[in-house]
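Trainee: Can you read through this structure? Questions will come right after.
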Amino acid sequence: MSPGNSKNQLSEIVAALEALLNRDTILTRRQLAEKSEQANVPVAESSLASMASRGTGPTFTKYGNRSLYRWGDYVDWVASKSTVARSTSEHRAKAAA
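Printed below as a string of structure tokens:
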């Protein structure tokens, strides 16, 4: 797969996420996991919780004991975490930068 194709695939993933919901839609952690699965970008509810505790996931707001996510913030986070590279070592180098 050439880097150009990877960039197109990333664009397609982001477009699929964007088309699913309005960017201002607010979702619970469970709803976010379900909608992400529908867009073929699966992320487990437990992974979102783990990332929230480490500060590595998408931004969220606490409302009582609930974590609420804005769909647009999630889409932006997915795009920011996606890299185009030719090898796993190149991905690791970009992640470390």
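To convert, take the position in the sequence shown, counting from 1, and add 1429; that gives the numbering used here. Even for Gly, the Cβ is constructed at its ideal location relative to N, Cα and C. These numbers were taken from a predicted model, which means no experiment stands behind them.
Could you tell me which of Q1467, T1517, T1454 sits nearest to T1490, measuring between CA atoms?
Mentor: Out of Q1467, T1517, T1454, T1454 has the C-alpha closest to the C-alpha of T1490.
Trainee: Would you report the Cα separation of L1446 and T1485, rounded to the nearest angstrom?
Mentor: The straight-line gap from Cα to Cα measures roughly 20 Å.
Trainee: If you compare alpha carbons, which of A1525, R1458, W1506 is closest to N1494?
Mentor: For the residues A1525, R1458, W1506, the minimum Cα distance to N1494 belongs to R1458.
Trainee: By Cβ distance, which residues of its chain are closer than 6 Å to Q1438, with the 5 residues on each side in sequence left out?
Mentor: Contacts found: none.
Trainee: Which first and last residues belong to the alpha helix (DSSP H) in which R1458 is found?
Mentor: First-last of the alpha helix (DSSP H) with R1458: 1458-1467.
Trainee: Does the Cβ-Cβ distance between V1419 and A1508 come in under 8 Å?
Mentor: Lying before the first or after the last residue shown, residue 1419 is absent from the chain, which here runs from 1430 to 1526.
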